[in-house]
Structures are given as structure tokens and as C-alpha cells.
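First residue of the sequence shown? That's 0 in numbering that gives the first Met the number 0, and the numbers climb one at a time after it. Ideal placement from N, C-alpha and C gives every residue a C-beta, glycine not left out. As the structure is a computational prediction, the values presented were derived from the model and not from experiment.
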Amino acid sequence: MDIEPKEIKNVRKATLLSIIPGLGQFYNKQNFKGIIFLLIFILFMIELGMFGIRALYNLITLGSVPGVDHSLFLLIEGTLQLIITLIFIGFYILNLYDANRVAKQWNLGESVNISTKAILKNMVDKGFPYLFTMPAYIVMTFVIIFPVLVTLFMAFTNYDFYHIPPANLIDWVGFKNFFNIFFLSAYRDTFMSVFSWTIIWTLCATTLQIVVGVFTAIVANQSFIKGKRLFGVIFLLPWAVPAFITIMSFSNMFNDSIGAINSQVIPLLNHLPFVDIGAISWKTDPFGRR
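Here you go:
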């Protein structure tokens with residue numbers, strides 16, 4: 000339950016004790032919170048001693064013995080440990096702030112939650128949004144941020160056809176790859192080709208579809224259009240159909256030999272005057288794939 004403090008707490012002492020997470024909370028008489036914080040600290044120290052230090056060291060070296068050390072796996076493990084360490088650092092800062100804040104509450108005569116029930120109730124009342132969204136943030140960290148970090152770190156290595164683990168080790172090369180993009184003609188030409196097409200694709204996939212979508216909506220909403228509800232259902236179908244099914248359908252439609260575009264649509268267009276279109280290599284020609 001909430002109590003009115005009757006004693007003065009040393010704010011500096013509470014903060015210094017929190018160098019070991021949990022001790023500052025014990026000093027502030029929040030035993031339940033202190034146990035949780037101390038348990039998290041102990042578990043992290045055990046993990047750091049058994050796996051973490053080695054993983055961080057291997058992230059720096061990326062292995063030393065070809066054929067034995069798999070540099071790519073070491074990079075992945077080190078990145079994972081780096082994320083765990085950063086999360087713990089965030090917790091550690093929170094621990095110091097909490098001990099300092101609660102000690103000040105004691106000195107100001109404010110009510111402090113010291114019982115387990117009061118702490119849990121306060122956590123639910125004031126921290127429910129954070130508790131509710133925390134699982135999503137954790138999943139997002141390891142499903143989205145983790146792969147992005149691994150890919151980003153790989154950009155600073157010499158990972159290529161000639162450096163494939165475990166037969167060969169990967170080494171850190173810093174910004175060399177980025178410099179090569181601009182100073183080596185082969186890299187520069189490839190990069191500019193991919194970059195220019197990415198810009199074109201981005202404009203077509205966003206601006207064009209917005210323009211077409213707004214135009215279609217305006218036309219479908221005109222008073223002379225009959226069956227507006229039917230058109231509304233048709234417009235929603237792409238959202239209802241799973242993306243995998245859509246991809247497979249378009250893959251079959253644009254098949255070079257038996258696809259509907261080459262075998263039905265193009266022959267139909269060729270019946271028009273002055274139209275003579277040959278079969279298009281949608282999947283084998285680079286321009287066709289674009």
C-alpha cells in the first residue's frame with residue numbers, strides 16, 4: 000500500500016547503491032522491485048560471462064582460424080549480443096533514475112509504493128500502455144531491427160564471392176565499399192543502374208498509383224455510374240487476396256511460354272491494324288523483369 004514517508008533518504012546514497020541494480024530499490028524499501036532489478040542484473044551478468052563477452056569479441060575479430068571460425072555466424076551472434084547489451088544499458092539507466100526519483104519522493108513527503116501489491120497496482124495503472132506494447136517492441140527489435148543491423152554491418156566488411164565462410168574469413172574494411180561505389184567504374188556503373196531504377200520504381204509505385212487511385216475513386220463516385228457497391232467490392236479484392244497468391248498469379252500470367260500475356264493478350268492485340276508485337280521475355284530479359 001502507499002505510505003507517507005517519515006524518514007529522510009540520502010538521494011546520492013540511493014543512486015550510488017544502484018550501481019548494482021536493485022540495491023538502491025532495497026534502500027528505498029521497495030523490496031519487490033529490488034528483487035526484480037537484482038535478478039535481471041544477475042541473469043545478464045551470467046549471460047555476459049558465458050556467452051556475451053565472447054560474442055562481442057568475435058564481433059570485433061570476426062574469427063581468426065579459416066575453416067573453423069564462421070565469420071558470418073560470429074557477426075550474427077555478435078549483433079544479437081550487442082542488441083541485448085544495449086537493452087540492458089537502457090534498463091541500467093532506468094534503474095539509476097528510479098532509485099534517485101524515489102529517494103527524492105521520500106524527502107518531499109510524497110507517498111511511496113513499498114508493498115508488492117502497491118507496486119504491481121501502480122505498474123498496471125500507470126504503466127499499462129508500456130506493458131501492453133512491450134511485447135510488440137521486443138518482437139520488432141529481433142524481427143526487424145536485428146536483420147537490418149546485420150545487413151548494415153555486412154556493408155562494412157569484405158564479404159563477397161572470394162570471402163565466403165567458413166572456408167574464408169570476413170574482415171572489417173570500414174568505408175572502403177562505399178568509396179568503391181564512387182571511385183571504381185565497375186561498381187559505380189552498377190550502383191547507378193540499380194539506383195536509377197530504384198528511383199523510377201519508387202515514383203511509379205507511389206506517385207503513379209496514388210494518381211490512378213484518386214482518379215478511379217473520382218470516376219467511380221460519379222452520379223452516372225451504376226453499381227457503385229459492386230465496384231467498391233472489386234476495389235477491395237486486392238486487399239482480401241493474400242499477397243502470396245497474387246504473386247503466384249502474376250508469375251503465371253507473365254510466364255514466357257505459357258503465360259496469359261504472351262499466349263492470349265499479345266496475339267489478341269496483334270489483330271489490330273499496324274500492331275505486330277512478338278512474345279516478350281518477361282522473366283529472362285532484364286528490361287522485361289523490370
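- In this structure the region 114–130 does not lie against the region 45–55, because fewer than three pairs of beta carbons, one per stretch, are closer than 8 Å.
- No residue range can be given for Leu-47, since it is assigned to no alpha helix (DSSP H) and is classified by DSSP as neither H nor E.
- When Cβ pairs closer than 8 Å are counted between the two stretches, the region 18–37 is seen to touch the region 93–109, the count reaching three or more.
- Judged by DSSP secondary structure, Leu-267 falls within the alpha helix (DSSP H) whose first and last residues are 265–268.
- For Thr-205, there is no enclosing alpha helix (DSSP H), as DSSP gives it neither H nor E.
- In the DSSP assignment, Trp-105 falls within the alpha helix (DSSP H) that extends over 70–107.
- Counting C-beta pairs with one atom in each stretch, the region 57–73 and the region 155–173 have three or more that are closer than 8 Å, which means they touch.
- Its chain contains no residue whose beta carbon lies nearer than 7 Å to that of Val-210 once the 5 sequence neighbours on both sides are disregarded.
- Under DSSP, the beta-bridge partners assigned to Thr-156 are Trp-171.
- For Trp-196, the number of other beta carbons within 10 angstroms of its own is below 16, and it is reported as exposed.
- Pairing Asp-255 with Lys-225 gives a Cβ-Cβ distance that is not under 8 Å.
- Around the C-beta of Asp-275, fewer than 16 other C-beta atoms lie within 10 Å, and the residue is accordingly described as exposed.
- Judged by DSSP in its simplified three-state form, Ser-248 adopts helix.
- Per DSSP, the continuous alpha helix (DSSP H) segment holding Lys-12 begins and ends at 10–16.
- The Cβ neighbour count for Pro-20, taken over all protein chains shown within 10 Å, is at least 16; the residue is labelled buried.
- Ranking Asn-220, Phe-155 and Asp-97 by CA distance to the CA of Asn-179 puts Phe-155 first.
- Leu-81 sits close to Leu-58, with the two beta carbons spaced by under 8 Å.
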